[in-house]
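Have a look at the structure below, then the notes.
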Amino acid sequence: MVAKTAILQQVIEFRDKLFDLQPQIRRTNFSLSKPFRQTETCPILELQNVLVRFNETLALDNISFQLRKGERVALVGPNGAGKSTLFNVIAGILRPTQGQVNLPHALIKDKNEQFAIAYVPQRNQVDWRFPVNAAEVVMMGRVGQLGLFHWPKRKDWDMVYEALELVGMAKLAKRQIGELSGGQQQRVFIARALAQQAELILMDEPLTGLDMQSQEDIFAILEKLRQRQVTVMVATHDLNLAAERFDRLMLLKQRLIGFGTASEVFTTDLLRQAYNGQLRLLETNNGTVVVEDSCCGGGHG
Ligand SMILES: Nc1ncnc2c1ncn2[C@@H]1O[C@H](COP(=O)(O)OP(=O)(O)OP(=O)(O)O)[C@@H](O)[C@H]1O
Ligand SMILES: [Mg+2]
Numbered sequence: 077m078v079a080k081t082a083i084l085q086q087v088i089e090f091r092d093k094l095f096d097l098q099p100q101i102r103r104t105n106f107s108l109s110k111p112f113r114q115t116e117t118c119p120i121l122e123l124q125n126v127l128v129r130f131n132e133t134l135a136l137d138n139i140s141f142q143l144r145k146g147e148r149v150a151l152v153g154p155n156g157a158g159k160s161t162l163f164n165v166i167a168g169i170l171r172p173t174q175g176q177v178n179l180p181h182a183l184i185k186d187k188n189e190q191f192a193i194a195y196v197p198q199r200n201q202v203d204w205r206f207p208v209n210a211a212e213v214v215m216m217g218r219v220g221q222l223g224l225f226h227w228p229k230r231k232d233w234d235m236v237y238e239a240l241e242l243v244g245m246a247k248l249a250k251r252q253i254g255e256l257s258g259g260q261q262q263r264v265f266i267a268r269a270l271a272q273q274a275e276l277i278l279m280d281e282p283l284t285g286l287d288m289q290s291q292e293d294i295f296a297i298l299e300k301l302r303q304r305q306v307t308v309m310v311a312t313h314d315l316n317l318a319a320e321r322f323d324r325l326m327l328l329k330q331r332l333i334g335f336g337t338a339s340e341v342f343t344t345d346l347l348r349q350a351y352n353g354q355l356r357l358l359e360t361n362n363g364t365v366v367v368e369d370s371c372c373g374g375g376h377g
């Protein structure tokens with residue numbers, strides 16, 4: 077028992093070193109095999125006047141919005157706009173300097189139920205040389221649920237393999253994480269979020285560097301998540317993809333410049349406010365077209 081606890085402690089330290097993240101876990105009854113019961117559209121997260129300051133840098137300024145259950149939101153904005161900072165605040169890793177993050181306590185009927193947020197970090201935040209295989213990475217999603225003194229049970233491994241199956245990665249379960257392709261690594265992280273029984277998944281630039289097929293694979297998984305009423309927020313620099321494939325777009329540059337459908341948010345005026353001269357915009361009869369986006373690359377993490 078002592079040896080097992082020591083090993084589990086090591087796994088947890090590994091997990092924290094790997095992600096340098098301590099996602100806020102609030103569990104709720106959730107079954108991987110059953111889709112969520114369809115409910116009326118209701119907010120699952122609310123930010124009120126959130127402000128984040130790092131010394132002299134104002135990273136987020138007076139951000140307020142609500143997310144609806146089951147929707148797919150793209151978070152866009154130039155480098156340094158505050159996208160990763162916003163995810164850190166929502167995930168509970170970073171306390172805002174001012175303002176509030178409200179979770180749906182009103183939706184939680186039983187005091188044992190909790191609300192789970194999963195965070196798929198920006199790729200440059202992960203140490204890919206870390207000696208764990210895909211199944212172990214997914215189990216790390218379960219470890220947070222199990223608590224320190226509980227060894228994973230058969231049921232937990234079943235959930236891990238069910239999650240890997242869902243993202244099409246069961247065959248590569250034993251492969252070291254560093255030996256997987258970028259798209260496969262992203263799928264493993266989504267499986268980890270599923271095993272964590274997350275109702276809200278935050279994905280920080282999951283599509284960056286993936287080929288078209290891998291992007292399509294990720295969107296096919298996001299469709300499955302939608303059927304389960306899992307809410308997904310994805311940070312991306314691909315404005316066309318954001319406009320085409322997401323229900324709502326959030327345009328950020330320290331302030332929330334716009335939040336709505338593509339036609340509401342991708343106007344010349346709002347895009348100029350967010351990107352200044354970094355985007356080449358073309359006015360057409362069908363609205364504003366982004367010709368060139370010179371904002372991408374790098375990442376503050
Ligand atoms: N831990 C930190 N300490 C000090 N400043 C920080 C810290 N984290 C972020 N910042 C600053 O806050 C601002 C927002 O950074 P953030 O990483 O959230 O931007 P981003 O929109 O995710 O950018 P990218 O598209 O490059 O990933 C930047 O000016 C950044 O330098
Ligand atoms: Mg970022």
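When you read off a place in the sequence shown, starting at 1, and then add 76, the result is the number in this note's numbering.
Virtual Cβ for every residue (Gly too), placed ideally from N, Cα, C.
Q. Can you give the beta carbon distance from residue 120 to residue 275, rounded, assuming they're within the 8 Å contact cut?
A. 7 Å
Q | Short CB-CB distance (under 8 Å) between residue 317 and chain C | A | Going by chain labels, chain C is absent from the structure shown, which holds only one protein chain.
Q. Are residue 150 and residue 342 close, meaning C-beta to C-beta below 8 Å?
A. no
(Q) Closest to residue 354 by C-alpha separation, out of 230, 286, 157 and 127, would be which residue? (A) 157
Q. In or out: residue 282 buried (at least 16 other Cβ within 10 Å) or exposed?
A. buried
**Q.** Of the residues 250, 305, 142 and 290, the one placed nearest residue 262, counting alpha carbons only
**A.** 290
(Q) If we require 3 or more residues per run, which beta strand (DSSP E) segments fall completely within the stretch 247-294? (A) 276-280
Q. In chain order, which alpha helix (DSSP H) runs of at least 4 residues are fully inside the stretch 301-340?
A. 315-321
(Q) Using only CA atoms, which one of 280, 133 and 227 lies nearest to residue 194? (A) 280
Q. Can we count residue 343 as close to ligand 1, meaning its CB is less than 7 Å from some heavy atom?
A. no
Q: State yes or no: is the C-beta of residue 280 nearer than 7 Å to some heavy atom of ligand 2?
A: yes
**Q.** Beta-ladder partner(s) of residue 130, from DSSP
**A.** 133
Q | Heavy atom of ligand 1 within 7 Å of residue 158 beta-carbon | A | yes
Q | DSSP bridge partner residues for residue 194 (one or two, in chain order) | A | 277
Q) Do residue 260 and residue 242 have their C-beta atoms closer together than 8 Å? A) no
Q) Exposed or buried, what is residue 334 when buried is set at 16 or more other beta-carbons lying within 10 Å of its beta-carbon? A) buried
(Q) Taking only three categories from DSSP, how would you classify residue 141? (A) strand
Q) Hey, residue 307 and residue 159 are a contact pair by Cβ (cut 8 Å); roughly how many whole angstroms apart? A) Their Cβ separation, rounded to whole angstroms, is 17 Å, which puts residue 307 and residue 159 out of contact at 8 Å.
Q | Between the CA atoms of residue 252 and residue 286 - distance to the nearest angstrom | A | 19 Å
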